Amino acid sequence: MKFKSMDDVKRIKGMSPYVRKQLESQFNSVEVEPQPVKHNKATINPVENFCLFPEYEQDPEPGRIVLRALIRKYGHWLHGGDIASELMILPRRFRMDAAHLAARICIEIDGYKNHSTKTAIKRDHIKTEYLATHGWLTLRIGKSRTKHQLNEFLESLDKAIEHRQLGRAKVAYVPTRKASTVSFYTKLVNWNHNR
3 MKFKSMDDVK RIKGMSPYVR KQLESQFNSV EVEPQPVKHN KATINPVENF CLFPEYEQDP
63 EPGRIVLRAL IRKYGHWLHG GDIASELMIL PRRFRMDAAH LAARICIEID GYKNHSTKTA
123 IKRDHIKTEY LATHGWLTLR IGKSRTKHQL NEFLESLDKA IEHRQLGRAK VAYVPTRKAS
183 TVSFYTKLVN WNHNR
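Using my numbering, read the sequence shown as starting at 3 and increasing by one per residue.
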């Protein structure tokens, strides 16, 4: 935008006083000291944005309870462990609450807030199916189980990890004898006869 006179500058509404003063100085050739530009720098606290160990609360959320227990037992992946939190699966942009990376096990914490509506349940089924087709096993834990049966959940996770690691070991073909085919009618007659 070009200004031909000071009247053009005065017609613009919403102009800051500093800019108006700068433009007036251009027309009147008066020297104006430039003011330092103030940047709105928000203080970035890395603990708020990403926290490995959430702070202690009296009654923390179920997700935090499970995440603390998993990190305590298996270690966080940033420190050489196996647990990753808030893992994004691309290209579908699904997010896992927690994941055991070595065994490819997704841990979902099902709360009432995000997992109770029909659309949320449908989304969970789609996510579970997508993860299963890419080699992930999904284990789910709810709020009541988090508070009362967390150790049992961790034991079942240990068993799942053990079975997943055994599955990567040797698989052998065991030949069986050929099965004889019997018609459904023959089975039904024999079943009625033995009663």
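Quick reminder that beta carbons are idealized off the backbone N, C-alpha and C, glycines included.
Just so you know, these numbers come straight off a predicted model, no measurement behind them.
Given a cut-off of 8 Å on the beta-carbon distance, is the pair ALA100 and SER87 in contact? Reading the sequence shown from its first residue, position 98 is the one you call residue 100. Reading the sequence shown from its first residue, position 85 is the one you call residue 87. Yes, these two residues count as a Cβ contact at 8 Å.
For TYR76, does the count of other Cβ atoms within 10 angstroms reach 16, so buried, or fall short, so exposed? The residue given as residue 76 occupies position 74 in the sequence shown. By the neighbour-count rule (16 or more Cβ atoms within 10 Å), TYR76 is buried.
Are LEU159 and ILE107 touching if we call contact CB-CB under 8 Å? As a first step, residue 159 must be located in the sequence shown, where it is residue number 157. As a first step, residue 107 must be located in the sequence shown, where it is residue number 105. Yes, Cβ-Cβ distance for LEU159 and ILE107 is below 8 Å.
LEU133 classed as buried or exposed, judged by whether at least 16 other C-beta atoms fall within 10 angstroms: As a position in the sequence shown, residue 133 is number 131, starting the count at 1. That one is buried.
Could you name the residues of the same chain whose beta carbon sits closer than 6 Å to that of SER18, not counting the 5 residues immediately before and after it, in chain order? Taking the first residue of the sequence shown as 1, we reach residue 18 at position 16. Closer than 6 Å at Cβ, skipping near neighbours: no residue.
Looking only at DSSP bridge pairs, what is ASP112 linked to? For this step, residue 112 is matched to residue 110 along the sequence shown. For ASP112, which the question treats as bridged, DSSP gives the partners GLY144.
Am I right that ARG166 and LEU139 are in contact with their C-beta atoms under 8 Å? What's the rounded C-beta distance? For the purposes of this step, residue 166 is taken as the residue at position 164 of the sequence shown. For the purposes of this step, residue 139 is taken as the residue at position 137 of the sequence shown. Contact holds; Cβ gap of about 7 Å.
Name the residue from ARG97, LEU89 and GLN24 whose alpha carbon lies nearest to the alpha carbon of ARG125. In the sequence shown, the residue the question calls residue 125 occupies position 123. The residue with the shortest Cα to Cα distance from ARG125 is ARG97.
Would you call THR148 buried or exposed, if buried means 16 or more other Cβ atoms sit within 10 Å of its Cβ? Counting from 1 along the sequence shown, the entry for residue 148 is found at position 146. That one is buried.
Between which two residues does the beta strand (DSSP E) holding GLU131 run? Counting from 1 along the sequence shown, the entry for residue 131 is found at position 129. Run containing GLU131: none in the beta strand (DSSP E); it sits in the alpha helix (DSSP H), 120-135.
Apart from the five residues on each side of it in sequence, which residues of its chain come closer than 8 Å, Cβ to Cβ, to GLN151? Counted from its first residue, the sequence shown places residue 151 at position 149. If we look at GLN151 and ignore the five residues flanking it on each side, it has no Cβ neighbours.
Which two residues bound the contiguous beta strand (DSSP E) that contains LEU72? The count along the sequence shown starts at 1 and reaches residue 72 at position 70. From DSSP, LEU72 is part of no beta strand (DSSP E) but of the alpha helix (DSSP H) over 64-76.
On a CA-only basis, which of ALA105, ILE128, SER146 and ALA104 is nearest GLY65? Give me that one, please. Your numbering for residue 65 matches position 63 in the sequence shown. Of ALA105, ILE128, SER146 and ALA104, the residue nearest in Cα terms is SER146.
State yes or no: is the C-beta of ILE73 within less than 8 Å of the C-beta of ILE91? Locating residue 73 in the sequence shown gives position 71, where the first residue counts as 1. Locating residue 91 in the sequence shown gives position 89, where the first residue counts as 1. No; because the gap between Cβ atoms is not below 8 Å, this pair is not in contact.
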